[in-house]
Amino acid sequence: MISFMLNHSRLTVDDIEPSMSMLDYLRTRKQLNGTKEGCASGDCGACTVLLGEINQDGELVYKSLNSCLLMVAACHGKHVVTIEALTPAKLSISESDLHPVQKAMVDCHGSQCGFCTPGFVMSLYAMYITFSEYPGQEKVIEYLSGNLCRCTGYRPILEAAQTCYEYPRVSLIDTKTVLSTLSEILLGPEPSLVMKGKSCLIPQNLNQLCEIKSETSGVRLVAGATDLALEFSQNLSVTPALVYVGAVDEMRKYEETDDEIIIGAALPYSQFLPIFYNSFPETQEVFHRLGSLQVRNAGTLGGSLGNASPIGDPAPLLIALGAKVNLASSNGVRSVKVDDFFTGYRTTVMSANEVIVSVSVPKKIENQRLFFYKVSKRIEDDISAVCVAVKLTLDGEEQIVTSIKTGWGGVAAVPVSAPHFESHLINKTFNQQNIHQAVYHLNKDFSPMSDVRASSEYRMEVARNLIDRCWYELSSNEVVRVKHAAL
Ligand SMILES: Cc1cc2nc3c(=O)[nH]c(=O)nc-3n(C[C@H](O)[C@H](O)[C@H](O)COP(=O)(O)OP(=O)(O)OC[C@H]3O[C@@H](n4cnc5c(N)ncnc54)[C@H](O)[C@@H]3O)c2cc1C
Ligand code: FES
Ligand code: FES
2 MISFMLNHSR LTVDDIEPSM SMLDYLRTRK QLNGTKEGCA SGDCGACTVL
52 LGEINQDGEL VYKSLNSCLL MVAACHGKHV VTIEALTPAK LSISESDLHP
102 VQKAMVDCHG SQCGFCTPGF VMSLYAMYIT FSEYPGQEKV IEYLSGNLCR
152 CTGYRPILEA AQTCYEYPRV SLIDTKTVLS TLSEILLGPE PSLVMKGKSC
202 LIPQNLNQLC EIKSETSGVR LVAGATDLAL EFSQNLSVTP ALVYVGAVDE
252 MRKYEETDDE IIIGAALPYS QFLPIFYNSF PETQEVFHRL GSLQVRNAGT
302 LGGSLGNASP IGDPAPLLIA LGAKVNLASS NGVRSVKVDD FFTGYRTTVM
352 SANEVIVSVS VPKKIENQRL FFYKVSKRIE DDISAVCVAV KLTLDGEEQI
402 VTSIKTGWGG VAAVPVSAPH FESHLINKTF NQQNIHQAVY HLNKDFSPMS
452 DVRASSEYRM EVARNLIDRC WYELSSNEVV RVKHAAL
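Following this line, the structure appears as structure tokens:
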């Protein structure tokens with residue numbers, strides 16, 4: 002049994018498939034059909050809802066999520082807000098009932114067929130409650146990065162994002178009531194969902210999680226579900242034993258020691274990145290383009306590494322930075338360098354009873370330079386064709402390479418480093434001539450494959466060119482940034 006708030010009501014649920022998505026629940030169990038199903042894979046944003054939860058400071062915070070990827074089980078002790086909450090629950094709605102975001106969409110002609118509109122409105126509503134004043138077009142694009150519209154065109158929607166701030170402000174959420182309801186739920190019985198031999202357990206601490214992992218064979222962990230939910234929605238596969246790790250406190254911490262940053266495996270990207278950027282501002286462009294805001298509000302490092310995808314963006318960075326994956330089991334904790342973590346296509350050194358508890362990233366040392374690039378067909382919400390991270394230390398005016406470590410994604414069956422390439426630059430001046438000689442050794446490090454995203458030749462050419470981009474940025478002192486034409 003799990004409990005959560007849905008709009009203005011408190012609900013207790015125990016009669017659903019443990020892997021059921023919030024989208025299916027809303028549409029098939031609650032007849033809340035305002036939330037639309039477009040792709041069921043996180044790509045269109047038509048299913049966007051808000052999820053509110055109490056953070057570590059005891060505050061209620063809301064974020065936009067794709068309900069097609071959000072498991073109902075992950076909503077225990079949280080507040081789900083759907084498009085229906087934006088207007089009063091009555092049969093006939095007049096213009097004066099519309100929320101400022103909805104009114105602005107009408108006034109700016111931001112909707113044609115209307116299928117995408119509830120999703121856009123919810124993303125704009127997430128922005129509206131986060132910023133009390135218009136935050137500027139760059140922020141608007143960030144908030145809308147996961148929403149697609151096939152007919153209206155984006156200009157009227159961008160206009161609506163500004164116009165909604167010109168109307169009298171409206172506050173819909175009764176924070177006090179929601180806080181006390183969620184606190185009461187969280188103090189209640191331990192949550193889980195069990196139905197017809199299938200289950201989703203929701204351990205509250207690492208000991209419980211490790212116990213479940215060691216006692217039950219074949220369990221699948223789920224964090225943000227931005228990868229796993231596709232197995233349910235696209236492949237219709239069934240996992241008998243799921244374990245939601247998002248309530249495990251030890252996996253939701255962000256800590257800094259003198260020489261390391263430790264990021265909890267179940268901490269969503271959007272929760273740790275703003276702090277991480279203080280230490281590694283160079284990572285901002287790529288992480289800003291990891292999926293969409295909805296995906297970053299859910300996805301985690303544990304999920305990315307646990308999925309062992311060859312095209313995940315974090316692994317190349319973590320390899321270049323010399324990061325370690327901390328694995329926990331009932332036998333204790335061990336650490337493995339991200340370099341040694343992947344053993345083959347979607348396989349890792351993790352044993353059946355282990356979970357990723359956190360990732361430790363060494364702090365920057367003096368003279369260290371970092372470059373992190375991603376090439377994909379679209380700026381956001383698109384998987385990389387090639388992703389590279391380069392960590393360099395250079396000495397003196399001659400810019401002698403005293404150390405270099407690279408991490409690459411999209412070029413092999415696993416995220417890799419490039420020791421041959423790196424060895425041809427060590428103790429040499431970081432200039433174009435030496436770079437051009439070194440990059441021709443990349444083919445000893447990997448041979449990319451061709452697929453729908455890019456051909457093998459293209460990937461190799463891009464890989465070489467990205468090292469040139471490092472040199473250009475270093476020598477010109479100019480940071481090349483990928484930007485929207487509109488900005
Ligand atoms: C529309 C869309 C766009 C995307 N764009 C990008 C992109 O641009 N770049 C990118 O890198 N990724 C992208 N992704 C992929 C995905 O968002 C990331 O890989 C994300 O980090 C997965 O995290 P999660 O918490 O959602 O994982 P989940 O789906 O919860 O889990 C993924 C896998 O990891 C396992 N797992 C989860 N937590 C742990 C743990 N603590 N220990 C061990 N195993 C664990 C699960 O069992 C599962 O097999 C995209 C996904 C979508 C849907
Ligand atoms: S239905 Fe397209 S993102 Fe959920
Ligand atoms: S109005 Fe038709 S898809 Fe956006």
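For reference, each letter of the sequence shown is one residue, going 2 to 488 in this note's numbering.
Quick reminder that beta carbons are idealized off the backbone N, C-alpha and C, glycines included.
When the beta-carbon positions are compared, residue 405 and residue 428 stay at least 8 angstroms from each other.
Shown here for residue 271: same chain residues with a beta carbon closer than 8 angstroms to its own, the five before and five after excluded, namely 64, 294, 297 and 298 in chain order. Taking the Cα positions, residue 322 is about 44 angstroms away from residue 106. About 7 angstroms separates the beta carbons of residue 422 and residue 407, which is inside the 8 angstroms limit, making them a contact pair. Closer than 7 angstroms to some heavy atom of ligand 3: that does not describe the Cβ of residue 57. In this structure, DSSP gives residue 449 a state outside helix and strand, which the three-state scheme calls coil.
Of all residues, those with a beta-carbon under 7 angstroms from at least one heavy atom of ligand 3 are 112, 113, 114, 115, 116, 117, 118, 150, 151, 152 and 153, reported in chain order. Between residue 201 and residue 102, the C-beta gap is not smaller than 8 angstroms, which leaves the two residues out of contact. Per DSSP, the unbroken beta strand (DSSP E) holding residue 193 starts and ends at 193–196. Burial state of residue 222 is buried, judged by a 10 Å Cβ sphere holding 16 or more other Cβ atoms. Excluding its 5 nearest sequence neighbours in each direction, residue 184 has C-beta neighbours in its own chain below 8 angstroms: 55, listed in chain order.
Beta-bridge pairing by DSSP links residue 327 to 336 and 359.
Between the beta-carbon of residue 74 and that of residue 211 there is about 19 angstroms, and that puts the pair past the 8 angstroms contact cut. Residue 375 places its beta carbon 8 angstroms or farther from that of residue 280. The DSSP-derived three-state label of residue 9 is coil. By the Cβ test, the segment 25–33 is not in contact with the segment 218–232, since fewer than three Cβ pairs between them sit closer than 8 angstroms. With contacts defined by Cβ atoms closer than 8 angstroms, residue 61 and residue 179 form a contacting pair.
C-alpha of residue 80 to C-alpha of residue 390: approximately 38 angstroms in a straight line.
The C-beta of residue 480 has fewer than 16 other C-beta atoms within 10 Å across all chains shown, which makes the residue exposed. The closest CA to that of residue 2, considering only 194, 414 and 71, is found on 194. The beta carbon of residue 303 lies closer than 6 angstroms to those of 224, 266, 267 and 357 in the same chain, with the five residues before and after it left out.
Residue ranges of uninterrupted alpha helix (DSSP H) with 4 or more members, entirely inside the segment 44–116 and ordered along the chain, are 101–108. Under the three-state reduction of DSSP, residue 273 is assigned to helix.
For residue 469, the enclosing alpha helix (DSSP H) covers residues 457–477.
Residue pairing for residue 261: DSSP places it in a beta bridge opposite 363. By the CB criterion at 8 angstroms, residue 431 and residue 186 fall outside the cutoff. Those residues that have a beta carbon less than 6 angstroms away from any non-hydrogen atom of ligand 2 are, in order along the chain, 38, 39, 40, 41, 43, 44, 45, 46, 47, 48, 67 and 69.
When DSSP states are grouped into helix, strand and coil, residue 140 belongs to the helix group.
The C-alpha of residue 449 is placed about 8 angstroms away from the C-alpha of residue 456.
Within 10 angstroms of the beta-carbon of residue 36 lie 16 or more other beta-carbons, which makes it buried. Using a cutoff of 7 angstroms, the CB of residue 357 counts as near ligand 1, since one of the ligand's heavy atoms is closer than that. Closest option to residue 218, judged by alpha-carbon separation, among 243, 478, 312 and 188: 243.
For residue 314, the CB contacts under 7 angstroms within the same chain, skipping 5 residues up- and downstream, are 287, 291, 375, 385, 388 and 410 in chain order. Counting along the chain, residue 245 sits inside the beta strand (DSSP E) bounded by residues 242–245. Listed in chain order, the non-local C-beta contacts of residue 446 below 7 angstroms within the same chain comprise 417, 419, 420, 421 and 422, local neighbours out to five positions each way being set aside.
Closest in alpha carbon position to residue 48, among 99, 58 and 72, is 72.
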